[in-house]
Each structure stands twice: as structure tokens, then as C-alpha cells.
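Numbering (our numbering), first residue to last: 1 to 156.
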């Protein structure tokens, strides 16, 4: 009987830890994600990084409140007026794939927040990841990863 009580306590702690982890990392099943919006837990897409900067410079740049643009229920910030105008002319060219969620999480059927400094440009598209370790694992997995992630996103 005592073992059952201890098991119940352990299970309760594990469930609480999983719930806390999910909330911190914004994890949810893909079926709960709206394809018409972007991961904007803070209200700002890409956590304030300039979406165009990924394509025109060596590394992503932080955007500024001075150069903002509203698109798909998100506020997008840019480092310059030129970048803002480029985005406004063709947002889908610059916006991250999979709603800005971690591409690895999408490949497993979930959404999770992404680190805008962990990214990959593939076939002229921006993909985000939860961190450098996740990106490194994806780099090892080959083309099958991209096919699975795209399929999961389309079929959510």
C-alpha cells in the first residue's frame, strides 16, 4: 500500500514536470496550431529578429520598434526601412516555415518555441530550431527529415 502511495506521488511529480516543460517551451500538438498565425508568444514574430536579415547578411539581426509591420496576427520587426519594405512586398518569401515553430518539433507532430539564432536556410526558405544541438541533429538526418516535417505540417 505504501508503495502505491509513493508511486502515485512520483507519477504526480512527473506529470507536473512535463506540464511545466511544455508551458516553458510552448509545446503543443500540431492539431492545436493555427496555420494562419506565427509563433508569437510575446506578440512579436521571431522574438524581434528581422526576417529579411537571414537572407541578406551573415547572421540574423535584431529588429527595431521603429520598423514594424503587421502580418498574419503578428508584429514583425526589422533592422531597416528597406528590410521592412522587402518583407511587406513578399512576406511568404522571408517568413519562417512551419509558423516559426521549431522544425524538429514539427517533424514529431508537435509545435515548440524556436530560438531565432538556430536556423537553416534551405531551398531559399527559413527554418528555425529550438537550439544549436537540435539543429546539429537535424543536419545529420538528411532529406527524409524535411519530407517528414513538411508532411506533418501539411496534415496537421
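Quick reminder that beta carbons are idealized off the backbone N, C-alpha and C, glycines included.
*Compare the Cα-Cα distances from residue 80 to each of 88, 74, 64, 42 and report the closest residue.*
Comparing Cα-Cα distances from residue 80 to each of 88, 74, 64, 42, the minimum goes to 64.
### Query
So who's on the other strand from residue 121, going by DSSP bridges?
Per DSSP, the beta-bridge partners of residue 121 are 126.
**Euclidean distance between Cα positions of residue 118 and residue 67** = Answer to the nearest angstrom: the Cα atoms are 23 Å apart.
| request: Indicate the three-state DSSP secondary structure (helix, strand or coil) for residue 89 in the structure shown. | output: Residue 89: helix per DSSP, three-state reduction.
Practice prompt. May I ask which residues mark the beginning and end of the alpha helix (DSSP H) holding residue 144?
Written response: Judged by DSSP secondary structure, residue 144 falls within the alpha helix (DSSP H) whose first and last residues are 143-154.
message: Using CA atoms only, rank isn't needed, just tell me which of 47, 56, 82, 76 is closest to residue 125.
response: The shortest Cα separation from residue 125 among 47, 56, 82, 76 belongs to 56.
Coil, strand or helix - residue 101 by DSSP = Residue 101 falls in the coil class under three-state DSSP.
Original post:
Smallest Cα separation from residue 104: which of 153, 54, 75?
Top reply: Selected option, being the one with the closest Cα: 153.
* To do: Quick one: measure Cβ to Cβ for residue 76 and residue 114, integer angstroms, because I've assumed they're closer than 8 Å.
  => Not a contact, Cβ separation roughly 15 Å.
If we call anything under 9 Å between Cβ atoms a contact, is residue 156 one with residue 109?
-> In this structure, residue 156 sits near residue 109, with a CB-CB distance shorter than 9 Å.
Quiz item: For the candidate residues 130, 90, 107, 111, whose alpha-carbon lies nearest to that of residue 142?
Solution: It is 107.
Practice item. Within 10 angstroms of the Cβ of residue 128, are there 16 or more other Cβ atoms? Answer buried if so, exposed if not. Key: Within 10 angstroms of the beta-carbon of residue 128 lie 16 or more other beta-carbons, which makes it buried.
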